Structures are given as C-alpha cells and as structure tokens.
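A.B. asks:
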Amino acid sequence: MGKMGDRQQQIKIELGEKESEGIYSNLALIAHSPSEFIIDFARVLPGTNKSKVYARIVMTPQHAKMLLSALEENIKKFENQFGSIKIFGRGEKEIGFQKGEEPA
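All you need for the numbering used here is the position in the sequence shown, starting with 1, plus 43.
#1: Could you pull out every unbroken alpha helix (DSSP H) segment of at least 4 residues lying fully inside the segment 69-128, listed in chain order?
#2: Identify whether E57 lies in helix, strand or coil by the three-state DSSP scheme.
#3: Determine the DSSP secondary structure at E62, reduced to helix, strand or coil.
#4: Distance check for Q51 and S68, CA to CA, integer angstroms please.
#5: Beta-carbon within less than 8 Å of E79's beta-carbon, same chain only, minus the 5 sequence neighbours each way: which residues are those?
#6: Please identify the residue among I73, F84, G90, A107 whose C-alpha is closest to the C-alpha of V96.
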C-alpha cells in the first residue's frame, strides 16, 4: 500500500503569449514573514542608479525551499553540461563548513 504523497498529479500548464516572452532580471530582492517569501525581480542598467521591479512572486516557505532545491538541481545539471558558472565581483573562496582544529 503506497503513501498519499507517492501519487503524482499531472498538471496542464498554459503559457500565455505575453508571459512566453519572459522578463529579464539581474537583481532579486527577497523578504520574508513567518508565512510567506516575497521575491521582487528587478533590472539594473549600467550607468543608472535606479531600478524597477518587473515582477513580484509571493510563495509559502515550503514552496520557497522547494524552489531552492529545484534551482540547485538544475544548476548542477547546467554545470555538468556547460562547465562551472563564474560569479564575477566575488572572491572564489569556498563557502561551507570547515573542520576546526582538535583541542590540545
């Protein structure tokens, strides 16, 4: 007997003409409350000191964590196919846990 979560539902997704063009964003502003995450997608153009939000996405913390997981998985697939993504303007130092020295 399977668990309730084992069943996957197929969802038909419609993509409108306007939405299919996409929105370019090179800046994301993220805020959160106990019940939601708000992600504002904006665009900053060289030589300007202002930006405009072109889309705001509001989601539950659970969906935000699922988005993070999906992005991580897709970035790994991308890098396996095309090579490591370089982030310019930041040091190439590694982020993560480091083993501390044993006490004497």
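Note that CB positions come from ideal geometry on N, CA and C, so glycine has one too.
Treat the numbers as computed from the prediction; the structure is a model and nothing was measured.
C.D. replies: Looking at the atomic coordinates:
#1: 104-125
#2: Against the sequence shown, residue 57 aligns to sequence position 14. Of the three classes helix, strand and coil, the one that applies to E57 here is coil, per DSSP.
#3: The residue you call residue 62 lines up with position 19 of the sequence shown. The answer is helix: DSSP assigns E62 an H, G or I state.
#4: Numbered from 1 along the sequence shown, position 25 holds the residue referred to as residue 68. Numbered from 1 along the sequence shown, position 8 holds the residue referred to as residue 51. Distance between the alpha carbons of S68 and Q51 is about 32 Å.
#5: Numbered from its first residue, the sequence shown carries residue 79 at position 36. Counting only Cβ-Cβ distances below 8 Å, and skipping sequence neighbours, we find V101, M102, T103, P104.
#6: Mapped onto the sequence shown, residue 96 falls at position 53. Nearest option by C-alpha distance: F84.
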